[in-house]
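Undergrad: Just so you know, the protein sequences line up as chains C, W and X, in that order.
In this text, residue positions in the first sequence follow this note's numbering: the first is 6, and each later residue adds one.
In this text, residue positions in the second sequence follow this note's numbering: the first is 51, and each later residue adds one.
In this text, residue positions in the third sequence follow this note's numbering: the first is 73, and each later residue adds one.
Where a beta carbon is used, it is the ideal one built from N, C-alpha and C, also for glycine.
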Amino acid sequence: MLQRLEHLLGIEDLTREQISFILDQAAPFQEFQKHPLKKLATLRGKTVALAFFENSTRTRISFATAAARLGADTMNLQAEASSVKKGESLLDTVRTLEAMRPDGIVIRHSSSGAPHLIADRLGMPVVNAGDGTHEHPTQALLDALTIRDRKGKLEGLNLTILGDILHSRVARSNIFLLSKFGVNITLCGPSMWVPRELESLALNVRRVSRIEDALKNADAIIVLRVQTERLHEPGIAPEEYILGYQLTPARLKLANPGALVLHPGPMIRGLEIDPAVADGPQSCVLDQVTNGLAIRMALLYHLVGGAAVEAPPAKEKPKDSPKD
Amino acid sequence: MRVVEKRQLLSSDEIGRTLQRLAHEIVEKSGGTDDLALIGVRRRGVPLSERLAKTIQSFSGVQIPVGTIDITLYRDDLSTVGPQPVVHSNEISFSVDNRDLVIVDDVLYTGRTIRAAMNGLFDLGRPKRIRLCVLIDRGHRELPVEASFIGSKVQTSDTEIVEVHLREIDGDERVVLVDRVA
Amino acid sequence: MLLIKNGRVLDPSSKTDSVQDVLLSEGRISKIAAGVSAPDAEVFDATGMVVAPGFIDLHCHLREPGQEMSETIETGTRSAAKGGFTAVCCMPNTQPVNDNASITRGIVERAAAAKSVRVWPIGAASVGSKGEALAEIAAMKDAGIVAVSDDGKPVATARLMRQVMDYCSTLDLPVIDHCEDPSLFAGGVMREGPRSIRLGLKGIPAESESICAGRDVEIAGLTRARLHIAHMSTTGALEYVRQAKKNGLKVTCEVTPHHFTLIDEDVRYDTNYKMNPPLASRADRDALIAGLVDGTVDAIATDHAPHHAASKDVEFDRAPFGITGFETALALGLSELVHTGKMSLTRLVELFTTGPARVLGMNRKLAAGEVADVTVFSPGQSWTYRVAESPSKSRNSPFDARPFKGAATATIVAGRIIWRQ
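This is the structure we're talking about:
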């Protein structure tokens with residue numbers, strides 16, 4: 006159960022039950038997004054630190070909105086404007102934040118393992134909003150929720166992930182999550198970005214070099230961004246990429262009818278995805294955004310809510326229900 | 051927590067008759083069924099509200115809307131020790147704006163649940179009126195909340211618990227007063 | 073005078089393995105026999121212990137001059153003594169780099185002042201280890217270096233390696249290379265493989281080391297010079313060494329204790345698992361152990377690389393490479409190689425004594441007239457390594473709180489006990 010989770014550092018170590026719980030708990034928060042008044046008092050008085058050492062607009066806004074709608078306040082650290090540029094270490098930066106006593110910290114960092122480094126040291130919940138090329142657990146959760154809502158289930162579906170999988174934390178988290186639910190995963194992209202070892206990440210993962218083969222029988226397709234800022238080695242020219250791997254309407258037709266198209270964003274229309282597909286009826290990108298908010302609210306509700314401070318014992322209540 | 055049954059407050063038949071009476075009262079005191087809607091408080095308010103609506107339909111011919119509200123996100127006991135309770139969705143398929151709402155719950159005790167339910171309803175819109183219908187009013191109010199429609203008023207002490215069993219949830223059907231064992 | 077009584081004398085050179093007494097006098101071994109009597113001598117009771125020639129560590133970093141926050145010659149040698157080493161060879165990647173005689177002399181003088189284990193400096197191959205011009209190797213030899221290396225990096229080009237080898241062969245100095253291909257290494261932080269993919273850490277393929285080792289062995293063939301491969305970690309490099317030895321080339325190699333103990337699958341988000349070369353695959357580790365057993369590998373060397381705590385307490389990819397190793401080397405050798413039955417105790421002692429000595433072109437034996445450097449250890453003693461108790465200034469070891477069976481009990485240099493338990 007999520008109750009036993011202290012942090013959300015990655016999908017790899019979560020059980021199927023824990024993941025299902027989070028997905029189920031997102032439903033009330035999905036419904037909540039339709040309320041005229043989107044403000045709860047559930048986390049009133051709590052503060053969530055948003056420590057974004059790597060630039061991100063969408064994820065940061067999503068977490069900030071999730072916290073605000075739950076009634077919490079936020080502390081905002083953004084890498085560009087911060088002391089990190091002056092050489093302050095990660096631990097020192099985080100300890101400075103901790104001294105202001107937030108009730109939880111959401112961290113995005115360019116080093117794989119950064120959230121693990123701080124989770125050991127801080128006395129509060131840590132939520133990984135993306136660490137290096139390792140994991141992006143909330144993205145995988147919102148992707149799974151989107152697929153599950155549209156398809157009714159996850160088991161037995163065929164998922165294709167297209168793009169630079171080697172450098173994608175979104176891909177890894179999705180692979181970890183969906184394979185736990187019996188999804189068949191096909192990876193496809195330029196071969197230097199889809200090494201053999203990816204098949205060892207989880208069960209039912211295979212690599213395919215031609216996009217046409219990768220899309221056959223797909224029920225859902227996750228299109229990854231071409232990460233120009235993360236290329237350490239000689240890259241591939243855009244025209245080459247488009248030729249080999251762009252998801253066009255014609256290629257999409259090779260997938261199962263009604264196959265879902267997902268993208269973690271931001272999209273580069275015309276590069277990895279044809280605009281007609283991005284804006285077409287099979288595209289779930291807007292649902293992904295709404296679901297991201299619901300997932301993050303559910304996570305903050307469970308991880309940051311609940312006591313960090315011992316309250317005086319309330320009059321004893323019967324199990325699970327408040328005092329009537 | 052161990053409890054021992056002290057006495058039965060309502061039998062299955064008595065619950066049935068009480069609900070019948072309450073259904074008629076609601077319609078009477080609302081001057082009809084216009085704009086009326088029932089909101090059952092999860093958990094046991096839900097089957098109660100459904101039964102009331104069915105009864106109302108059977109004598110008035112009108113099917114009044116029934117919704118469900120989950121108050122978990124509106125509770126005021128925020129700093130409890132331990133994990134957060136599981137949240138459930140509301141299921142209110144109609145707008146609450148300008149509605150004549152009756153909140154339905156099994157037991158009215160401190161009034162905090164109803165306060166939370168009202169907060170939840172105000173997040174959804176602006177009802178014309180909100181009243182409360184409960185099967186049992188056990189006293190010990192901690193907030194200025196009153197029920198307009200009461201099945202039965204019972205004197206209880208702080209250590210006692212009113213247990214409502216409804217067949218849809220518990221299998222059996224009765225209301226009992228239990229006490230904590232030392 | 074020091075009489076080491078009743079210990080199991082294990083001298084690989086003479087194939088001795090028997091309980092005898094060893095008498096040391098005026099810095100030399102005076103007598104080895106049963107029932108030696110020496111009424112004026114200080115007595116060390118070595119009952120139940122092994123008495124071996126003094127251990128030599130071919131590869132360590134003492135960080136002086138310039139990086140004294142992490143270690144000094146004084147603290148490093150005390151840590152080495154606690155590990156049973158009587159002599160250590162320190163690499164030149166200090167600040168400034170040890171590329172000239174005056175820095176070499178400075179190191180030798182600091183070591184003498186520390187009055188601990190012997191320190192034999194290794195000089196840089198190129199000026200500043202920049203890989204351009206030859207360093208003042210002859211002058212450094214006069215000042216006391218025992219080998220040259222640009223450790224921390226590979227010797228930059230094949231052409232420079234050839235020049236260094238040619239030059240050093242006339243000076244009769246071995247050239248030690250840290251084998252790595254910079255273009256394949258580029259930005260990597262651990263061995264490339266399923267584990268690096270899982271952790272999202274940039275990987276270094278094994279071929280980075282083997283390509284460079286192959287290059288070095290070819291040049292050793294061209295120059296007939298003495299080549300020693302530092303901290304070898306791959307099957308590829310091992311095979312080049314094996315072939316070179318078969319072809320009669322003067323090629324030797326060393327393996328660190330962490331490379332015969334841990335593997336890439338052990339790596340986690342803990343910078344005590346980050347070192348260069350990185351922890352290798354299971355297959356490589358097993359091949360290295362086979363090489364240690366069959367003699368393809370000449371020596372165990374620690375690559376003791378202290379880094380002060382704050383510098384290692386950072387994200388994995390930002391941390392410096394390296395772990396300490398003096399105090400766990402013997403224990404790991406015993407637990408992973410001897411107690412598991414993979415090799416004899418004599419072979420392990422060779423890897424710490426005659427093997428390294430041969431690489432340096434010297435002898436290491438327990439015989440009358442030899443220098444009185446002796447390592448005494450208890451192969452069966454149970455203990456737990458606690459990094460907080462180390463005399464080193466640094467704490468970067470993955471073996472903290474690990475229980476061991478086997479420990480050094482006395483380290484004797486020039487007839488003087490410089491450390492005992």
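Using CA atoms only, rank isn't needed, just tell me which of C:L28, C:D78, C:E204 and C:S94 is closest to C:F58.
TA: Ranking the options by Cα distance to C:F58, first place goes to C:S94.
Undergrad: If you reduce the DSSP assignment to three classes, tell me which class C:I170 lands in.
TA: If DSSP states are grouped into helix, strand and coil, C:I170 belongs with coil.
Undergrad: Which residues, in chain order, does the segment 10-37 of chain C contribute to contact with chain W at a C-beta distance below 7 Å?
TA: Of all residues in the segment 10-37 of chain C, Q30, A32, P33 and E36 have a Cβ within less than 7 Å of some Cβ in chain W.
Undergrad: Bridge partners for C:I226 per DSSP, in chain order?
TA: Note: C:I226 sits in a beta bridge opposite C:T165 and C:V266.
Undergrad: DSSP state of X:C251, grouped into three classes?
TA: Coil.
Undergrad: Return the chain-ordered list of same chain residues with a C-beta closer than 8 Å to the C-beta of C:T138, the five sequence neighbours on each side being excluded.
TA: Within the same chain, C:T138 has close Cβ partners S117, L171, H172, S173, R174, R177 and R235.
Undergrad: Quick check on the DSSP output: the beta strand (DSSP E) that includes W:E193 runs from which residue to which?
TA: According to the sequence provided, residue 193 of chain W is Leu. The question's Glu does not apply to it. Counting along the chain, W:L193 falls outside any beta strand (DSSP E), and DSSP gives it neither H nor E.
Undergrad: How far does the alpha helix (DSSP H) with C:F68 in it extend, from its first residue to its last?
TA: Unbroken alpha helix (DSSP H) run through C:F68: R63 to R74.
Undergrad: Restricting to Cα atoms, I'd like to know which of C:L10, C:G15 and C:L127 is closest to C:F181.
TA: Checked all of C:L10, C:G15 and C:L127; the closest Cα to C:F181 is C:G15.
Undergrad: If you reduce the DSSP assignment to three classes, tell me which class C:T4 lands in.
TA: With chain C covering only 6 through 329, there is no way to say anything about residue 4 of chain C.
Undergrad: Output, in sequence order along the chain, the residues in the segment 62-83 of chain C whose CB is closer than 7 Å to any CB in chain D.
TA: Within the model displayed, chain D is absent; protein chains C, W and X are what it includes.
Undergrad: Measuring CB to CB, does C:E160 end up less than 8 Å from C:L229?
TA: Their beta carbons are not under 8 Å apart, which means C:E160 does not touch C:L229 by this criterion.
Undergrad: Can you tell me where the alpha helix (DSSP H) with X:P266 in it begins and where it stops?
TA: Its alpha helix (DSSP H) spans residues P266 to L271.
Undergrad: 8 Å is my cut-off, CB to CB: does C:G310 come that close to chain X?
TA: No, no contact with chain X.
Undergrad: Pick from X:R357, X:L409, X:A362 and X:M347: whose alpha carbon is nearest that of X:H379?
TA: Comparing Cα positions, the closest option is X:M347.
Undergrad: Under 8 Å Cβ-Cβ, which residues of chain C neighbour X:G265?
TA: Going along chain C in sequence order, the residues near X:G265 (Cβ under 8 Å) are E202.
Undergrad: Can you look up X:R458 in the DSSP assignment and give me helix, strand or coil?
TA: Note: X:R458 maps to coil in three-state DSSP.
Undergrad: Going by C-alpha to C-alpha distance, which of W:L227, W:G82, W:L171 and W:G201 sits closest to W:T209?
TA: Residue W:L227 is the option with its Cα nearest to W:T209.
Undergrad: What are the start and end residues of the alpha helix (DSSP H) that includes W:I186?
TA: Careful: W:I186 lies outside any alpha helix (DSSP H), inside the beta strand (DSSP E) at R179 to D187.
Undergrad: Return the chain-ordered list of same chain residues with a C-beta closer than 7 Å to the C-beta of W:R162, the five sequence neighbours on each side being excluded.
TA: Closer than 7 Å at Cβ, skipping near neighbours: D126, E192 and L193.
Undergrad: Buried or exposed: which applies to X:G405, given that a residue is buried once 16 or more other Cβ atoms fall within 10 Å of its Cβ?
TA: The residue is buried, with at least 16 neighbouring Cβ atoms inside 10 Å.
Undergrad: From what residue to what residue does the alpha helix (DSSP H) around C:R101 run?
TA: Here residue 101 of chain C turns out to be Thr, not Arg, going by the sequence shown. Per DSSP, C:T101 belongs to the alpha helix (DSSP H) from L95 to A104.
Undergrad: Rounded to the nearest angstrom, how far is the Cβ of X:M239 from that of X:I269, given a contact under 8 Å?
TA: Note that residue 239 of chain X corresponds to Tyr in the displayed sequence, not to Met. That pair is no contact at about 43 Å.
Undergrad: Identify every residue that forms a DSSP beta bridge with X:D129.
TA: In the DSSP output, where bridge partners are listed per residue, X:D129 has X:V160.
Undergrad: Taking the runs of the beta strand (DSSP E) that are 3 residues or longer, which of them lie wholly in the segment 160-200 of chain X?
TA: The qualifying runs are 190-196.
Undergrad: Going by beta carbon distance, what residues of the same chain come within less than 7 Å of X:T78, once the five residues before and after it are set aside?
TA: In the sequence as presented, Thr is not what sits at residue 78 of chain X; that position holds Asn. Excluding residues within five positions, the ones whose Cβ falls inside 7 Å are V91, D93, D117, A118 and T119.
Undergrad: Going by DSSP, what residues sit across from X:I301 in a beta bridge?
TA: Paired residues: X:D249 and X:C325.
Undergrad: Closer than 6 Å by C-beta to C:E103: which residues in its own chain qualify, once you throw out the five before and the five after it? Chain order, please.
TA: Within the same chain, C:E103 has close Cβ partners L127.
Undergrad: Give me the residue from W:Y159, W:L182, W:L171 and W:E223 with the minimum Cα distance to W:T206.
TA: The shortest Cα separation from W:T206 among W:Y159, W:L182, W:L171 and W:E223 belongs to W:Y159.
Undergrad: Is the separation between the beta-carbon of X:P125 and that of X:Q167 shorter than 8 Å?
TA: No.
Undergrad: What separation, rounded to the nearest whole angstrom, lies between the Cα atoms of X:I335 and X:S454?
TA: Roughly 24 Å separates the two Cα atoms.
Undergrad: Determine contact between the segment 97-112 of chain X and the segment 364-379 of chain X, defined as no fewer than three beta-carbon pairs at a distance below 8 Å.
TA: These segments do not touch.
Undergrad: Would you grab the beta carbon distance between W:T118 and W:V96 for me? Rounded to a whole angstrom, and I think it's under 8 Å.
TA: Rounded, the Cβ-Cβ distance is 5 Å, consistent with contact.
Undergrad: In chain C, what lies closer than 8 Å to W:G175 by C-beta?
TA: Chain C residues near W:G175: P41.
Undergrad: Applying the 10 Å Cβ sphere with the 16-neighbour rule, what's the burial state of X:A371?
TA: Buried is the call here.
Undergrad: In chain W, which residues lie with their C-beta within 9 Å of the C-beta of C:T143?
TA: Here the premise fails: no neighbours, minimum Cβ distance about 17 Å.
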